[in-house]
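Going line by line, the protein sequences match chains A and B.
Here the numbering used here is used: the first residue of the first sequence is 1208, the next is one more, and so on.
Here the numbering used here is used: the first residue of the second sequence is 1208, the next is one more, and so on.
Glycine included, each C-beta is placed from N, C-alpha and C at the ideal position.
Just so you know, these numbers come straight off a predicted model, no measurement behind them.
2 protein chains.
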Amino acid sequence: MKLHNYFRSSASFRVRIALELKGLPYEYVAVHLPKGEHKQEQYAAVSASGLVPTLETDDGALLGQSMAIIEYLDEQHPQPALLPGDAIGRAQVRALAQLVACEIHPLNNLRVLKYLVRDLKVEEEAKNAWYRHWVRVGLEAYERELQRLPQGNFSFGNAPTLADCCLVPQIFNGRRFDCDFTGLPRTMMAFEACMQLAAFQKAQPSNCPDNEA
Amino acid sequence: MKLHNYFRSSASFRVRIALELKGLPYEYVAVHLPKGEHKQEQYAAVSASGLVPTLETDDGALLGQSMAIIEYLDEQHPQPALLPGDAIGRAQVRALAQLVACEIHPLNNLRVLKYLVRDLKVEEEAKNAWYRHWVRVGLEAYERELQRLPQGNFSFGNAPTLADCCLVPQIFNGRRFDCDFTGLPRTMMAFEACMQLAAFQKAQPSNCPDNEA
């Protein structure tokens, strides 16, 4: 398998975590977003929508959208499971993942921040406030959802799931913008539990071959 | 089952479509977003994140996030299936749904538009341009994705799927803001095919009990 992705992309990071958790080897193909490589012809052949990540299977199928890719990996390689065995649990884990992937992350994408600055002439400080606002509001909602679930070390229970694959990159991103993570005990406990695991460590941006930091 | 939702909410509309496609009766519980009912104590007991829709099952489980709810309904009531039978097909349909739910809709939410106006002092015209920009860019990507899939009447094949449950409300929303839908033949063909079906007609905002239009 090949993963077309970018070290700093949250959506890419989610899939790298899933691949590492399942112990699946893959070829890392870097797509440099700030250089616009995702908009070039070469990548258009890989991703019609021009987004990272894309998973290229050994059969040549090209799969986009991080949560869809992770569900595919979980179906093809069921162990360790990234979704619970019961329907209500699966719905709860998917909802947590979507709370990050549909409510927080889309507002803080590189292309959105660029639009704020270039087209809406938003100042740097207001752009950063926008960023922090949506992370904070979103993570407060995430925390409230966790508070209603049975206690566990991770977002759901005592093993990492699709929800943690989405949460951890969001925390990384938030840290880059000095977001406030106080008062989110269950959320940050899940984050810390994840970061104890080699899979999350290996998948993080600083360990990627295209990391420039 | 009860569906806590709002007639004009795209995410609510998605779930209403799925319920109608599967012929599942449900109690419609209106949550008036412009009046802020989703932020009040009564609704906090239903949804920790304060978002619509929430599906309340007959066993009292409270499920959030529209795509997670639809997957749950599809698991519990498999016919008619809203996801293909093979793993690659499922990944493709989920990716199309997420292209709408993660790339377009989050940027055009009521709360985001409010932030643009109240906090960033964006003028009405620029706000509408923002709206149309993300709908257009997102649907162009959707169209390119469809062009790579085998021809069918719907987004994927010849029956409605999770992808169409997301696409149709996005087109409805785009129409309210006079978005440009030219040059999107496969996308609009899928939309038209959906609107031929009684399920999509019944689920649409104008047929909801809380419709004020």
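Proximal chain A residues relative to residue i, where beta-carbon distance stays under 7 Å
| i | result |
| --- | --- |
| A1308/B | C1309 |
Start-to-end residues for the beta strand (DSSP E) that takes in residue i
| i | result |
| --- | --- |
| G1271/A | L1269 to G1271 |
| N1212/A | K1209 to N1212 |
Chain-order list of residues whose beta-carbon lies under 8 Å from that of residue i (same chain, five-residue window excluded)
| i | result |
| --- | --- |
| L1240/B | Y1213, R1215, S1216, V1259 and L1317 |
| L1391/B | L1346, E1347, Y1349 and E1350 |
| V1329/B | L1323 and W1337 |
| P1291/A | R1297, Q1299, V1300, F1363, G1364 and T1368 |
| P1313/A | V1319 |
| Q1286/B | K1229 |
| T1264/B | M1208 and L1270 |
| M1402/A | V1375 and Q1408 |
Backbone secondary structure at residue i - three-state DSSP
| i | result |
| --- | --- |
| L1356/A | coil |
| E1234/B | strand |
| E1263/B | strand |
| G1296/A | helix |
| T1389/A | coil |
| K1229/B | coil |
| H1284/B | coil |
| L1240/B | coil |
| V1344/B | helix |
| F1363/B | coil |
| N1418/A | coil |
| A1308/A | helix |
| V1253/A | coil |
| N1316/B | coil |
| L1290/B | coil |
| L1166/A | There is no way to answer for residue 1166/A, as the model of chain A reaches only from 1208 to 1420. |
Proximal residues to residue i (C-beta, below 7 Å), its chain only, five neighbours per side dropped
| i | result |
| --- | --- |
| M1395/A | F1388 |
| Y1233/B | M1208, K1209, L1210 and L1226 |
| E1352/A | L1303 and L1306 |
| N1335/B | F1384 |
| A1288/B | D1281 |
| E1244/B | V1238 and Y1250 |
| C1386/A | R1339, V1342 and R1343 |
Interface partners of residue i on chain A, CB under 8 Å
| i | result |
| --- | --- |
| L1327/B | L1323, L1327, V1329, A1333 and W1337 |
| A1366/B | None at all; the shortest Cβ gap to chain A is about 19 Å. |
Residue range of the unbroken alpha helix (DSSP H) whose run includes residue i
| i | result |
| --- | --- |
| R1215/A | Segment: none, R1215/A is in no alpha helix (DSSP H) and carries neither H nor E. |
| I1378/B | L1369 to R1383 |
| L1327/B | Careful: L1327/B lies outside any alpha helix (DSSP H) and carries neither H nor E. |
| A1186/A | Here chain A comprises residues numbered 1208 to 1420, so residue 1186/A is not present and cannot be evaluated. |
| Q1247/B | Neither: Q1247/B is in no alpha helix (DSSP H) and is coded neither H nor E. |
8 Å Cβ cutoff met for residue i and residue j
| i | j | result |
| --- | --- | --- |
| L1356/B | Q1299/B | yes |
| C1373/A | A1294/A | no |
| H1284/A | L1327/A | no |
| L1404/B | P1367/B | yes |
| I1311/B | V1222/B | no |
| N1315/B | V1344/B | no |
| V1375/B | F1398/B | yes |
| A1406/A | L1228/A | yes |
| I1224/A | A1370/A | no |
| Q1354/B | C1309/A | no |
6 Å Cβ shell around residue i - same chain, five flanking residues per side excluded
| i | result |
| --- | --- |
| D1417/A | F1214 and A1237 |
| N1380/A | S1217 |
| C1415/B | F1214 |
| I1378/A | F1398 |
| G1359/B | N1365 |
Within chain A, the residues that residue i reaches when beta carbons sit closer than 9 Å
| i | result |
| --- | --- |
| G1257/B | A1348 and R1351 |
| M1208/B | Those within 9 Å of M1208/B in chain A number zero; the least Cβ separation is about 13 Å. |
| R1355/B | A1255 and L1269 |
| A1275/B | R1297, A1298, Q1299, V1300, R1301, A1302, L1303, A1304 and Q1305 |
Residue i: contacting residues in chain B (beta-carbon distance under 9 Å)
| i | result |
| --- | --- |
| Q1377/A | By Cβ distance, chain B contributes nothing, its closest Cβ being about 13 Å from Q1377/A, past 9 Å. |
| A1252/A | The contacting residues do not exist; A1252/A stays about 10 Å from chain B at best. |
Contact test: residue i Cβ vs the ligand FAD heavy atom, cutoff 7 Å
| i | result |
| --- | --- |
| V1342/A | As far as ligands go, the structure on display features none, and thus does not contain the ligand FAD. |
Neighbouring residues, chain B, relative to residue i (Cβ below 7 Å)
| i | result |
| --- | --- |
| V1319/A | L1314 |
| L1270/A | A1298 and A1302 |
Residue i: contacting residues in chain B (beta-carbon distance under 8 Å)
| i | result |
| --- | --- |
| Q1283/A | A1294 |
| E1278/A | R1297, A1298 and R1301 |
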